[in-house]
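Asker:
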Amino acid sequence: MFIPGKAPRPLLRSLARLSRSGRRWQSTEAHPAGGHLPSIATSAFLRPTRDFALRAPGLRYVDQTDSDPANEMVGRETRKMNIIALSKDDTAVVFGEDVAFGGVFRCTMGLAEEFGRERVFNTPLTEQGIAGFGIGLASMGHTAIAEIQFADYIFPAFDQIVNEAAKFRYRSHGNFNIVIPRSPIQAKGLLLSSIRDPNPVIFMEPKVLYRSSVEQVPMDDYEIELGKAETLTRGNDLTIVTWGTPVYHCETAMKMLSHPPPSLAPNVPASLRSAKIELIDLRTIMPWDVQTVAESVNRTGRLIVVHEAGRTGGVGAEIGAEIQKRCFLKLNAPVRLVTGWE
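With the first letter of the sequence shown counted as 1, position 4 gets the number 4 in UniProt numbering; the numbers rise by one all the way through.
1) Residues in its own chain within less than 6 Å of PHE115 by CB, not counting five upstream and five downstream?
2) How about the stretch 276-283 and the stretch 221-231: do they share at least three Cβ pairs that are nearer than 8 Å?
3) Can you have a look at MET219 and say buried or exposed, based on whether 16 or more other CB atoms are within 10 angstroms of its CB?
4) What's the C-alpha gap between ILE161 and GLU308?
5) Quick check on the burial criterion: 16 or more other C-beta atoms within 10 angstroms. Buried or exposed for LYS188?
6) Report the three-state DSSP secondary structure of MET204 (helix, strand or coil).
7) What residue from ASP197, ASN236 and ILE178 has the CA that sits closest to MET286's CA?
8) Taking THR239 as the reference, which of GLY320, ILE195 and VAL104 has the closest Cα?
9) Would you report the Cα separation of CYS327 and GLY110, rounded to the nearest angstrom?
10) What does the alpha-carbon distance come out to for the pair VAL201 and GLY141?
11) Considering only DSSP beta bridges, list what TYR153 is partnered with.
12) For VAL62, count neighbouring C-beta atoms within 10 Å of its own C-beta (all shown protein chains included) and say buried if the count is 16 or more, exposed if not.
13) Looking only at DSSP bridge pairs, what is TYR61 linked to?
14) Which of the three DSSP states, helix, strand or coil, is assigned to HIS249?
15) Taking DSSP's pairing of strands, which residues face GLU230 in a bridge?
16) When the Cβ atoms of the stretch 121-136 are set against those of the stretch 82-99, are three or more pairs found closer than 8 Å?
17) Let's test the definition: count the other Cβ atoms within 10 Å of the Cβ of PRO269 and tell me whether it reaches 16, buried, or not, exposed.
18) Cβ of THR339 within 7 Å of Cβ of GLY301?
19) Let me know if LYS265 comes out buried or exposed under the rule of 16 or more other beta-carbons within 10 Å of its beta-carbon.
20) Buried or exposed: GLY316, going by 16 or more other Cβ atoms within 10 Å of its Cβ?
21) Rounded to whole angstroms, what's the CA-CA distance from ASN71 to ILE84? Just pull it up for me.
22) Indicate the three-state DSSP secondary structure (helix, strand or coil) for PHE95 in the structure shown.
23) When the Cα of LEU192 is compared with those of PRO198, VAL241 and ILE224, which residue comes out closest?
24) Output the distance between the C-alpha atoms of TYR153 and LEU272, rounded to the nearest integer angstrom.
25) Name the two residues that bound the continuous beta strand (DSSP E) containing ASN298.
26) For THR108 and THR143, which I take to be in contact (beta-carbon distance under 8 Å), what is that distance rounded to the nearest angstrom?
27) When the Cα of ASP51 is compared with those of GLN216, GLN149, PRO206 and ILE145, which residue comes out closest?
28) State the DSSP-derived secondary structure class of MET109, mapped to helix, strand or coil.
29) Where are the alpha helix (DSSP H) runs, 4 residues long or more, that stay fully inside the stretch 110-136, in chain order?
30) Using DSSP's beta-bridge definition, name the partner residues of ALA144.
31) Please classify LEU272: does DSSP put it in a helix, a strand, or coil?
32) Classify SER43 as buried or exposed, calling it buried when 16 or more other Cβ atoms lie within 10 Å of its own Cβ.
33) What's the gap between the Cα of ALA138 and the Cα of PRO198?
34) What does a CB cutoff of less than 6 Å around ARG76 pick up in its chain, not counting 5 residues either side in sequence?
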């Protein structure tokens, strides 16, 4: 999704190399997980119960206070995000390929009938045109929510994103944001913040998580601050920074490190099994929360960055370079990258 205003290599391999160096808000019911990623269904980072979901950190409710009742709303969580955005902002429009039909992931079902086809409409099969149209709408004062069906098709739109959206902001001191959520609660709060942010936002939705990452989601209008990472586990021996789907791969690797299966046990020294690892979900990779990461690395002395993209020219290299500069005297080992294949 563009708003103008690949599994990684096993983590244990890098770990081994490193060792050598008031009223309650209401929420929707969770649907059964699709089972595409078995490690996700039992993840400790998902919130499968109402009480657990309503205690999610960082949720900033827009309309209610702790003493106000919640407003109920029914339907798919992703559809409700768009309902909130369209109903509270008369300038907001949603458009893209098959959007009026409901979208390939059924996230815009019924919106055209509810808000009209002047605000929810289909576009031709041209990603460059979709991005350019959104930039033009945003420059005229609209909140433009442009959907690109798959990340594989975003490349023809790079001309518009790089030469128009980025430079529009750059000329007036700024840049666009890039957001990658890990779960439904995160996706809703981050998407609403992205829609309301005055900067252009590229919102990357990991499609494998649509049916694998399942949890209760508060029904109300809430936001999660952009540019703010979340520390999922605390530790003093190693910092791991990641985002999106690899969050769950890292969680699985950490469990396997502390309790290795029989086939891996001979390769995991006993001294490593008690390692305390700090896992950070970056959530926003532009701008990224350098303060949270630097504070963690200054304490642990080690950093691994995990992402699905290739190593060359990836975000991990930029994070590694910045942390090497800020935390050089505190590092006990070089920064390591675990990435997708080149």
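Backbone N, C-alpha and C fix where the C-beta goes; we use that ideal spot for every residue, glycine too.
Answerer: Based on what the coordinates show:
1) Taking the first residue of the sequence shown as position 1, residue 115 is located at position 115. Excluding residues up to 5 positions away in sequence, LEU86 lie with their Cβ nearer than 6 Å to the Cβ of PHE115 in the same chain.
2) yes
3) Sequence index remark: in the sequence shown, residue 219 carries index 219 (1-based). Note on MET219: 16 or more other CB atoms within 10 angstroms of its CB, so buried under the neighbour-count rule.
4) Taking the sequence shown and counting its residues from 1, the one referred to as residue 161 is at position 161. Taking the sequence shown and counting its residues from 1, the one referred to as residue 308 is at position 308. Cα to Cα, the separation comes out at about 22 Å.
5) Residue numbering aside, residue 188 sits at position 188 when the sequence shown is read from its first letter. Residue environment analysis places LYS188 among the buried positions, since at least 16 neighbouring C-beta atoms fall within 10 angstroms of its C-beta.
6) As a position in the sequence shown, residue 204 is number 204, starting the count at 1. Three-state result, MET204: coil.
7) Residue numbering aside, residue 286 sits at position 286 when the sequence shown is read from its first letter. Answer by Cα proximity: ILE178.
8) Taking the sequence shown and counting its residues from 1, the one referred to as residue 239 is at position 239. Taking only the C-alpha atoms, the option nearest THR239 is GLY320.
9) By one-based count along the sequence shown, residue 327 stands at place 327. By one-based count along the sequence shown, residue 110 stands at place 110. Each residue's alpha carbon lies about 51 Å from the other.
10) Here residue 201 refers to the residue found at position 201 of the sequence shown. Here residue 141 refers to the residue found at position 141 of the sequence shown. Taking the straight line from one Cα to the other gives about 15 Å.
11) As a position in the sequence shown, residue 153 is number 153, starting the count at 1. Partner(s): none; TYR153 has no beta bridge.
12) By one-based count along the sequence shown, residue 62 stands at place 62. Burial call: exposed.
13) Along the sequence shown, read from residue 1 onward, the residue named residue 61 stands at position 61. Paired residues: TYR222.
14) Here residue 249 refers to the residue found at position 249 of the sequence shown. Correct three-state label for HIS249: helix.
15) Working through the sequence shown from its first residue, we reach residue 230 at position 230. Per DSSP, ASP281.
16) Segment contact: the stretch 121-136 against the stretch 82-99, three or more CB-CB distances shorter than 8 Å; contact assigned.
17) Taking the sequence shown and counting its residues from 1, the one referred to as residue 269 is at position 269. It counts as exposed.
18) Position 339 of the sequence shown, counted from the start, is the residue given in the question as residue 339. Position 301 of the sequence shown, counted from the start, is the residue given in the question as residue 301. In this structure, GLY301 does not lie closer than 7 Å to THR339 by Cβ.
19) What you label residue 265 is simply residue 265 of the sequence shown in a count that begins at 1. The residue you asked about is not Lys; residue 265 is Ala in the sequence shown. So ALA265 counts as exposed.
20) Working through the sequence shown from its first residue, we reach residue 316 at position 316. GLY316 comes out buried.
21) In the sequence shown, counting from the first residue as 1, residue 71 sits at position 71. In the sequence shown, counting from the first residue as 1, residue 84 sits at position 84. Any reading at ASN71 needs caution, since the residue's pLDDT is 43, under 50, leaving its predicted position unreliable; the model's value is listed next. In a straight line, the C-alpha of ASN71 is about 11 Å away from that of ILE84.
22) The count along the sequence shown starts at 1 and reaches residue 95 at position 95. It is a strand residue.
23) Position 192 of the sequence shown, counting from 1, holds the residue named residue 192. Measuring from the Cα of LEU192, the nearest candidate turns out to be ILE224.
24) What you label residue 153 is simply residue 153 of the sequence shown in a count that begins at 1. What you label residue 272 is simply residue 272 of the sequence shown in a count that begins at 1. For TYR153 and LEU272, the distance between alpha carbons rounds to 42 Å.
25) The residue you call residue 298 lines up with position 298 of the sequence shown. Premise fails: ASN298 lies in the alpha helix (DSSP H), 290-300, not in any beta strand (DSSP E).
26) Residue mapping note: residue 108 aligns to position 108 of the sequence shown, counting from 1. Residue mapping note: residue 143 aligns to position 143 of the sequence shown, counting from 1. Rounded, the Cβ-Cβ distance is 15 Å, inconsistent with contact.
27) The residue you call residue 51 lines up with position 51 of the sequence shown. Cα-wise, what sits closest to ASP51 is GLN216.
28) On the sequence shown, residue 109 is found 109 positions in, with the first residue counted as 1. The answer is coil: DSSP assigns MET109 none of H, G, I, E or B.
29) Secondary structure in the stretch 110-136: the alpha helix (DSSP H) runs of 4 residues or longer, each lying completely within the stretch, are 111-115 in chain order.
30) Position 144 of the sequence shown holds residue 144. In the DSSP output, where bridge partners are listed per residue, ALA144 has VAL93.
31) Within the sequence shown, the letter at position 272 stands for residue 272. Three-state result, LEU272: helix.
32) Taking the sequence shown and counting its residues from 1, one reaches residue 43 at position 43. The residue in question, SER43, is buried, as its Cβ has 16 or more Cβ neighbours within 10 Å.
33) Taking the first residue of the sequence shown as position 1, residue 138 is located at position 138. Taking the first residue of the sequence shown as position 1, residue 198 is located at position 198. The straight-line gap from Cα to Cα measures roughly 9 Å.
34) For the purposes of this step, residue 76 is taken as residue 76 along the sequence shown, with counting starting at 1. Low per-residue confidence applies at ARG76: pLDDT is 47, beneath 50, and the placement is therefore not dependable, though the value from the model is reported in the following sentence. The answer is none, since no qualifying residue turns up.
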